[in-house]
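Keeping their order, the protein sequence lines are chains F and L.
Its first residue numbered 1, the first sequence is counted upward by one per residue in my numbering.
Its first residue numbered 1001, the second sequence is counted upward by one per residue in my numbering.
Even for Gly, the Cβ is constructed at its ideal location relative to N, Cα and C.
Reviewing the structure listed below.
Number of protein chains: 2
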Amino acid sequence: MICRYFLCFYRKHIVVLKLSPLSPQKIQELSPLSGVRIATAEAGIKYKNRTDLLLIVFDKPVSVAGVFTRSKCPSSPVEHCRASLPHGIARGVVVNSGNANAFTGSKGKHTTGEIIYAAAKALKVRENEIFIASTGVIGEPMDASGIINLLPSMAERAKEENWLEAAKAIMTTDTFPKLATCTFDCGEETVTINGIAKGSGMIAPDMATMLSFIVSDAGISSNILQSILSEAVQSSFNSITVDSDTSTSDTLMMFATGKENFPCITCKTDPRYEVFSKHLSVLLHELALQIVCDGEGARHLIEVNVIGATTNDDAKTIALSIANSPLIKTAIAGEDANWGRVVMAVGKAGVEVDRDLLTIWFGEHRVAVNGERDPEYCEETIGSYMQGKHITIRVDIGLGNGRATVWSCDLTKEYVMINSDYRS
Amino acid sequence: MICRYFLCFYRKHIVVLKLSPLSPQKIQELSPLSGVRIATAEAGIKYKNRTDLLLIVFDKPVSVAGVFTRSKCPSSPVEHCRASLPHGIARGVVVNSGNANAFTGSKGKHTTGEIIYAAAKALKVRENEIFIASTGVIGEPMDASGIINLLPSMAERAKEENWLEAAKAIMTTDTFPKLATCTFDCGEETVTINGIAKGSGMIAPDMATMLSFIVSDAGISSNILQSILSEAVQSSFNSITVDSDTSTSDTLMMFATGKENFPCITCKTDPRYEVFSKHLSVLLHELALQIVCDGEGARHLIEVNVIGATTNDDAKTIALSIANSPLIKTAIAGEDANWGRVVMAVGKAGVEVDRDLLTIWFGEHRVAVNGERDPEYCEETIGSYMQGKHITIRVDIGLGNGRATVWSCDLTKEYVMINSDYRS
């Protein structure tokens, strides 16, 4: 059961966010993972009457991998995680919502250091075994004292059952918590992957962060875990876009605890590598789609499917050009099968295409072929298809075997309303 | 005196477009140019009760230059103009609004050919001396008969005085006609440049066209005219963006009639080359800004000024990343000095920057310096600046001497409303 409204305090305004119409019918329930304990708390960083602080405790050292924003202006927490990754061991993760601690200069670096120090002390581990992420306003100095005071008690009361609470504590203006899980046979053992995520692109004013944390009880060495994660991110988190704006704080981290009787995967030739990769890809994809479905103001999920490009890279460039086009996104908000704008977006992508070889479908309906409108084009049939919540745009470039799929959401008045902050 | 409301018929809807609040106080009056005659007519291509067809007649052969869309899916008229340019002589231009004749396959090519043939016959000139542009819906077959029937009478009644009528006939959902003129001394003679333009980016549903036509009475050979035009376009039409969507039909053409007593400019070392270039740049810039000021739903003109980048190209990449960011454009719509989003856009541009060297100003107010918020930052002062119609964002990258300026407009609910077509 999901609440249909969320109150979000932003600047001097109370903003009521309606639950996204694309939200899942049911929030997934995640099973506990042995040795992975979770606590949340109200640190009052920005929000009132809700949790905004998450601590994940690993009772034993675990493998760790991470993928971060490509921004040239990353946040201080991102810099800390990047620097600690080579150590290859994690014992704890601290995440706060409400302030991104980004573009906060030497003060921000100091704040990150203080939190890391306090968490390491509370868990009695090394500082480079603590990972950190912050999500919220950019450029606002962050007071760490509230967080630091809470960490010791959180470390004590952390429990294995708290996955839903974890997903809630990292939300900013997300309208639903995002969780995914899968359990499968990997070699002779059954393993589980649990994941949580928050926020799509720049989902709300100043709150520029996509965060996701994944934990499995499989045993996988850190370098192999990094390789699996870096691959799996391509067709999931790196194939979604809400508004083409890249955050300073994007953080995806993965941990593998190595349960008993599961011999550690230490090389790519281990047959379990493929099995695990496949399941991780599906799980990341599920989380990524939840993020798009909670894109600010989203009412339609858009799948863009490009085939027949010269290369896969070309296909992805074209797919993103379509998925990011404000004019295509507004057309879909208006339930208008405006395929002329798809031609425009293909044309502006800058990669090799031949106008007269393009074929375009909306769902199963072919709308354009041989460089012009399909002779069978029927406005009524298409119009009815466009009223669905899930719209697929397929383009065959007709040149080669390159293909790519990306996901986006429509651009609605609500997006502008949320992001222009009611001020005017 | 400009009318405050425009009625625009789109699909099955009458859309009332309010005059842009950024429209000029006064529409410029353009003086006639000898031997340049203009006629407009109602061809009924899409609109009712307004002109939608323009014919410009050059009584003698004139020099010609052109710059076109970079789209890989250009319209048939664009292809014709590109093919005819090397001939270097123009005798007439035909422009229609209401249908872009883009992505219309072999039928579209045939339509272009028919119009060209009819215009050449009416003016008794060669077909490759007629240039053509079409603006409006993409992918809709265009019936040329209405246009063809009108051309002979238009050729007869064309007059030198009709510049304002010309600018009106090429409008689609523009809320004001766009004209600019300048008269200056060039060597020992006084010369004039007149220009008209329409439409910004993809200013309204399906109407994907920026068109501009410039005529001077100076004498300039076609190859030199091309060189002048290609340079001048960089800091004007190639430095504006409304929504980052590139049209299939963008067309900027320039003609030089070569008045008596003006020895033709035939090389770059002619001292008049620089004089003419400078004035043309100013005029194109003026037209380009009019286009941004009439961007769909625009309420604020945004000037983005990047200095201190490693190269000029880097500076332009960063400036466009800022100018195209939906989150910056919505913030400015909300009159919110959200400089954290500027940091985000600098970071995502992908070129060399050092977060801790960035300095950011809104107008004269420095908001960020040394990788964090300016210690003197005052929300109230900035808030009052943000209520102006013209917002300047200046960023010093702090690395080199590269600089660039681009112009954009804000992203408002009206943009979404216009482009999602009221359907939902």
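Using DSSP bridges, identify the partner residues of residue i.
{"i": "residue 191 of chain F", "result": "F/184"}
{"i": "residue 1407 of chain L", "result": "L/1240 and L/1303"}
{"i": "residue 63 of chain F", "result": "F/256"}
{"i": "residue 1135 of chain L", "result": "L/1097"}
{"i": "residue 129 of chain F", "result": "Beta-bridge pairing links residue 129 of chain F to no other residue."}
{"i": "residue 216 of chain F", "result": "F/193 and F/256"}
{"i": "residue 390 of chain F", "result": "F/301"}
{"i": "residue 53 of chain F", "result": "F/41 and F/96"}
{"i": "residue 1372 of chain L", "result": "L/1369"}
{"i": "residue 1113 of chain L", "result": "According to DSSP, which records beta bridges pairwise, residue 1113 of chain L is partnered with nothing at all."}
{"i": "residue 361 of chain F", "result": "F/366 and F/394"}
Tell me, please, whether the CB atom of residue i is closer than 8 Å to any CB atom in chain L?
{"i": "residue 423 of chain F", "result": "Because the pLDDT at residue 423 of chain F is just 33, under 50, the model does not fix this residue reliably, and the value given afterwards should be weighed accordingly. Closer than 8 Å: yes."}
{"i": "residue 357 of chain F", "result": "no"}
{"i": "residue 370 of chain F", "result": "yes"}
{"i": "residue 173 of chain F", "result": "no"}
{"i": "residue 142 of chain F", "result": "no"}
{"i": "residue 333 of chain F", "result": "yes"}
{"i": "residue 138 of chain F", "result": "yes"}
{"i": "residue 407 of chain F", "result": "no"}
{"i": "residue 339 of chain F", "result": "yes"}
{"i": "residue 420 of chain F", "result": "yes"}
{"i": "residue 353 of chain F", "result": "yes"}
Counting only the same chain and skipping the five closest in sequence on each side, list residues whose C-beta sits under 6 Å from that of residue i.
{"i": "residue 66 of chain F", "result": "81, 85 and 253"}
{"i": "residue 1373 of chain L", "result": "none"}
{"i": "residue 286 of chain F", "result": "180"}
{"i": "residue 339 of chain F", "result": "360, 367 and 368"}
{"i": "residue 128 of chain F", "result": "84 and 87"}
{"i": "residue 1021 of chain L", "result": "1299"}
{"i": "residue 187 of chain F", "result": "272"}
{"i": "residue 1130 of chain L", "result": "1092, 1116, 1119 and 1120"}
For residue i, which residues in chain L fall below 7 Å Cβ to Cβ?
{"i": "residue 427 of chain F", "result": "Only positions 1 to 424 of chain F appear in the structure, and residue 427 of chain F is not among them; the question remains open."}
{"i": "residue 243 of chain F", "result": "1326 and 1327"}
{"i": "residue 413 of chain F", "result": "1413, 1416 and 1417"}
Give a yes or no on whether the minimum CB-CB distance between residue i and chain F is below 8 Å.
{"i": "residue 1293 of chain L", "result": "no"}
{"i": "residue 1198 of chain L", "result": "no"}
{"i": "residue 1009 of chain L", "result": "Residue confidence for residue 1009 of chain L is low, a pLDDT of 40 falling below 50, so the modelled location carries little weight; the figure read from the coordinates is stated next. False, the Cβ-Cβ gap to chain F never drops below 8 Å."}
{"i": "residue 1208 of chain L", "result": "Its pLDDT being 45, under 50, residue 1208 of chain L is placed unreliably in this model, and the coordinates cannot settle the point."}
{"i": "residue 1417 of chain L", "result": "yes"}
{"i": "residue 1135 of chain L", "result": "no"}
{"i": "residue 1272 of chain L", "result": "no"}
{"i": "residue 1381 of chain L", "result": "no"}
{"i": "residue 1018 of chain L", "result": "no"}
Output, in chain order, the set of chain L residues within a Cβ distance shorter than 8 Å of residue i.
{"i": "residue 247 of chain F", "result": "1344"}
{"i": "residue 71 of chain F", "result": "1344, 1347 and 1348"}
Sorted by chain position, which residues of the same chain lie with C-beta nearer than 7 Å to residue i's C-beta, five sequence neighbours on each side aside?
{"i": "residue 411 of chain F", "result": "326, 329, 330 and 333"}
{"i": "residue 208 of chain F", "result": "Low local confidence applies: a pLDDT of 45 at residue 208 of chain F is under 50, so the model's placement there is unreliable, and no value is given."}
{"i": "residue 96 of chain F", "result": "43, 45, 52, 53, 134 and 147"}
Using a Cβ-Cβ cutoff of less than 8 Å, which residues in the same chain neighbour residue i once the five nearest sequence positions on both sides are dropped?
{"i": "residue 1265 of chain L", "result": "1218, 1219, 1220, 1221, 1224, 1272, 1273 and 1276"}
What does residue i touch in chain F if you count any residue whose Cβ is under 9 Å from its own?
{"i": "residue 1373 of chain L", "result": "103, 104, 105, 139, 140 and 141"}
Going along chain F, which residues have a C-beta under 7 Å from residue i?
{"i": "residue 1330 of chain L", "result": "416, 419 and 420"}
The ligand GDP heavy atoms versus the CB of residue i: any closer than 7 Å?
{"i": "residue 291 of chain F", "result": "Annotation note on the ligand GDP: not contained in the displayed structure, which lists no ligands."}
*Would you list, in chain order, the members of the segment 1079-1106 of chain L that have their beta-carbon closer than 9 Å to a beta-carbon of chain A?*
The structure shown contains no chain A; the protein chains it does contain are F and L.
*asked:* Taking 8 Å as the cut-off, does the segment 1228-1235 of chain L touch the segment 1259-1277 of chain L (at least 3 CB pairs, one atom from each stretch)?
replied: Verdict: yes, contact present.
*Taking 8 Å as the threshold, find out whether the segment 309-326 of chain F comes into contact with the segment 1103-1115 of chain L through three or more Cβ pairs.*
Contact between the segment 309-326 of chain F and the segment 1103-1115 of chain L is absent, because fewer than three Cβ pairs lie under 8 Å.
_Three CB pairs or more closer than 8 Å across the segment 1256-1264 of chain L and the segment 1056-1064 of chain L_ = Result yes; three or more Cβ-Cβ pairs closer than 8 Å.
*Quick check: the segment 1374-1386 of chain L against the segment 1412-1421 of chain L, are there 3 or more CB pairs under 8 Å?*
As far as the Cβ criterion goes, the segment 1374-1386 of chain L does not touch the segment 1412-1421 of chain L, which means the pair count is below three.
*Below 8 Å, can you find three or more Cβ-Cβ pairs linking the segment 149-168 of chain F to the segment 36-45 of chain F?*
Contact holds: three or more Cβ-Cβ distances are below 8 Å.
*For the 8 Å Cβ check, are there 3 or more pairs between the segment 129-136 of chain F and the segment 1345-1365 of chain L?*
Flag = no, the segment 129-136 of chain F and the segment 1345-1365 of chain L do not touch.
*Assess, as a yes-or-no matter, whether the segment 111-124 of chain F is touched by the segment 145-157 of chain F under the definition of 3 or more beta carbon pairs within less than 8 Å.*
Judged by Cβ distances under 8 Å, the segment 145-157 of chain F makes contact with the segment 111-124 of chain F, as three or more pairs qualify.
*At a cut of 8 Å, does the segment 211-226 of chain F reach the segment 184-197 of chain F through at least three beta carbon pairs?*
Contact holds: three or more Cβ-Cβ distances are below 8 Å.
*Contact between the segment 1343-1355 of chain L and the segment 70-78 of chain F: three or more CB pairs below 8 Å?*
The answer is yes - the segment 70-78 of chain F touches the segment 1343-1355 of chain L, with three or more Cβ pairs under 8 Å.
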